[in-house]
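So the protein lines, in turn, are chains F and U.
134 is the number of the first residue of the first sequence in the numbering used here; add one for each residue after it.
134 is the number of the first residue of the second sequence in the numbering used here; add one for each residue after it.
Written below as structure tokens is the structure these notes are about.
Protein chains: 2
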Amino acid sequence: MYVAMSTDLNALFRQHGLQVTPQRLAVLRTVAGNPHITADRVAELVRTEIGAISRQSVYNALGVLVDRGLLRRIQPVGSPALFEDRVNDNHHHLICRECGRVEDVDCAVGRRPCLTPSDGRGYEIDEAEVVYWGRCPDCSARRESRDEGAGIRQPGQ
Amino acid sequence: MYVAMSTDLNALFRQHGLQVTPQRLAVLRTVAGNPHITADRVAELVRTEIGAISRQSVYNALGVLVDRGLLRRIQPVGSPALFEDRVNDNHHHLICRECGRVEDVDCAVGRRPCLTPSDGRGYEIDEAEVVYWGRCPDCSARRESRDEGAGIRQPGQ
DNA sequence: CCCGTCCGTTGACAGAGTCCAAAATTGGAC
DNA sequence: GTCCAATTTTGGACTCTGTCAACGGACGGG
């Protein structure tokens with residue numbers, strides 16, 4: 134997506150049958166500039182950009198943009214929903230169980246491979262969401278140094 | 134997993150260093166008998182089985198069982214966490230965007246394939262969660278009959 | 001039998017998101 | 001430029017999920 138200029142955004146909104154409002158423009162721009170951002174943080178940043186926005190409007194804008202396919206919403210366990218503007222490229226996410234860091238990874242298998250499960254049960258599938266769970270390099274290192282000489286330990290949840 | 138008899142469960146708990154309590158037994162049995170169940174519903178069902186359980190105890194039991202790998206927690210967007218007792222078989226989920234129905238699907242690509250993304254960024258990956266989003270056959274049918282003769286419509290969220 | 005640990009209960013609390021009704025804005029028609 | 005209907009935004013109350021902390025009871029090794 135990665136659009137920058139307002140005129141582009143105006144056209145984009147119109148194409149999708151959406152009215153153009155300062156709130157929506159700011160929300161879309163903010164997510165575009167800050168991948169994997171929470172709704173709360175969007176509100177904060179938008180406020181620095183246009184002065185004020187209600188929490189509800191942030192949710193409204195995010196919701197309608199996700200509906201129209203301009204944004205994507207991912208929701209890791211134990212974290213509020215995250216939004217990003219990379220859509221339609223079937224990329225996946227790598228999330229650290231400890232610090233919650235999120236990174237993009239391109240699809241391992243090729244082009245939208247996961248859209249065809251072994252047995253679709255008659256579902257009309259439109260998206261495959263893949264999340265790799267693990268520990269990021271930093272948290273791995275921290276844990277190893279902490280466990281030095283300690284006994285076996287169950288990984289925390 | 135699919136254990137049914139209490140003696141089996143007792144041993145299972147002990148193997149994992151857990152004390153055996155009526156609450157935990159009931160929670161595990163309930164999830165085993167009701168895949169893709171929410172914590173709230175677990176509480177309801179457990180109450181019909183053993184009379185009473187606190188909300189906190191349900192969360193405690195579910196948490197410890199997930200920690201020990203006896204249960205798995207999945208958390209779809211817009212839904213509370215769901216629990217199931219199929220673990221260690223790397224199966225995935227098919228979720229209907231409209232009615233929220235959840236179904237299991239076996240992994241398309243083979244054995245734990247998604248544990249190796251194209252670029253792991255140094256993460257220690259221990260799980261890959263795959264969710265196929267779409268519309269179940271029922272909701273598809275309902276929608277088609279509703280759209281008969283109507284204009285093009287954006288899919289709702 | 002004692003003591004430390006584990007477990008269940010209760011109640012307060014927090015975070016994320018939704019509902020609702022009123023006020024304001026948008027955009028098309030004139 | 002003005003008007004009007006439809007769409008949006010706003011603010012506040014509210015719900016739903018889940019967590020924290022404190023207390024008391026049960027378990028189990030010694």
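The C-beta atom is built at its ideal place from N, Cα and C for all residues, glycine as well.
Model, not experiment: these values are computed from the prediction.
Cβ-based burial, residue i [other Cβ within 10 Å; buried from 16]
{"i": "F:Glu217", "result": "buried"}
{"i": "U:Asn143", "result": "exposed"}
{"i": "F:Pro209", "result": "buried"}
{"i": "F:Arg147", "result": "exposed"}
For residue j and residue i, the rounded distance between their alpha carbons
{"i": "U:Thr181", "j": "U:Val199", "result": "23 Å"}
{"i": "U:Pro168", "j": "U:Pro213", "result": "14 Å"}
{"i": "F:Arg275", "j": "U:Trp266", "result": "36 Å"}
{"i": "U:Ala185", "j": "U:Arg205", "result": "24 Å"}
{"i": "F:Leu232", "j": "F:His224", "result": "Here residue 232 of chain F is Cys; the residue named in the question, Leu, does not match the sequence. Answer to the nearest angstrom: the Cα atoms are 21 Å apart."}
{"i": "F:Asp259", "j": "U:Asp252", "result": "25 Å"}
{"i": "F:Ser190", "j": "U:Ala159", "result": "43 Å"}
{"i": "F:His149", "j": "F:Asn193", "result": "15 Å"}
{"i": "U:Leu145", "j": "F:Gly211", "result": "27 Å"}
{"i": "U:Arg162", "j": "F:Leu203", "result": "43 Å"}
{"i": "F:Leu151", "j": "F:Arg234", "result": "33 Å"}
{"i": "F:Ala172", "j": "F:Pro155", "result": "17 Å"}
{"i": "F:Asp141", "j": "U:Pro270", "result": "38 Å"}
{"i": "U:Asp222", "j": "U:Gly166", "result": "18 Å"}
{"i": "F:Ser273", "j": "U:Ile183", "result": "42 Å"}
{"i": "U:Arg201", "j": "U:Val153", "result": "14 Å"}
{"i": "F:Val197", "j": "U:Glu277", "result": "23 Å"}
C-beta contact flag for residue i and residue j at 7 Å
{"i": "F:Arg268", "j": "F:Cys240", "result": "no"}
{"i": "U:Val264", "j": "F:Glu262", "result": "yes"}
{"i": "F:Val164", "j": "F:Ile170", "result": "yes"}
{"i": "U:Ile207", "j": "U:Leu215", "result": "yes"}
{"i": "F:Leu227", "j": "F:Val220", "result": "no"}
{"i": "U:Glu236", "j": "F:Arg254", "result": "yes"}
{"i": "U:Ala176", "j": "U:Arg157", "result": "no"}
Opposing strand residues paired with residue i [DSSP bridges]
{"i": "U:Leu215", "result": "U:Thr171, U:Ile207"}
{"i": "U:Tyr265", "result": "F:Ala261, U:Leu227"}
{"i": "F:Asp222", "result": "According to DSSP, which records beta bridges pairwise, F:Asp222 is partnered with nothing at all."}
{"i": "U:Glu236", "result": "U:Leu227"}
**Request:** Could you please tell me which residues of the segment 206-219 of chain F, in chain order, have their CB closer than 9 Å to any CB of chain U?
**Result:** Arg206, Ile207, Gln208, Pro209, Val210, Gly211, Ala214
When Cβ atoms are compared, which residues of the segment 253-279 of chain F fall closer than 8 Å to chain U? Gly253, Arg254, Gly255, Tyr256, Glu257, Ile258, Asp259, Glu260, Ala261, Glu262, Val263, Val264, Tyr265, Trp266, Gly267, Arg268, Cys269, Pro270, Ser273
Where the segment 169-191 of chain U meets chain F: residues whose CB sits under 9 Å from a CB there: none
Q: Determine which residues of the segment 143-173 of chain U have a Cβ less than 7 Å from any Cβ of chain F, and write them out in chain order.
A: none
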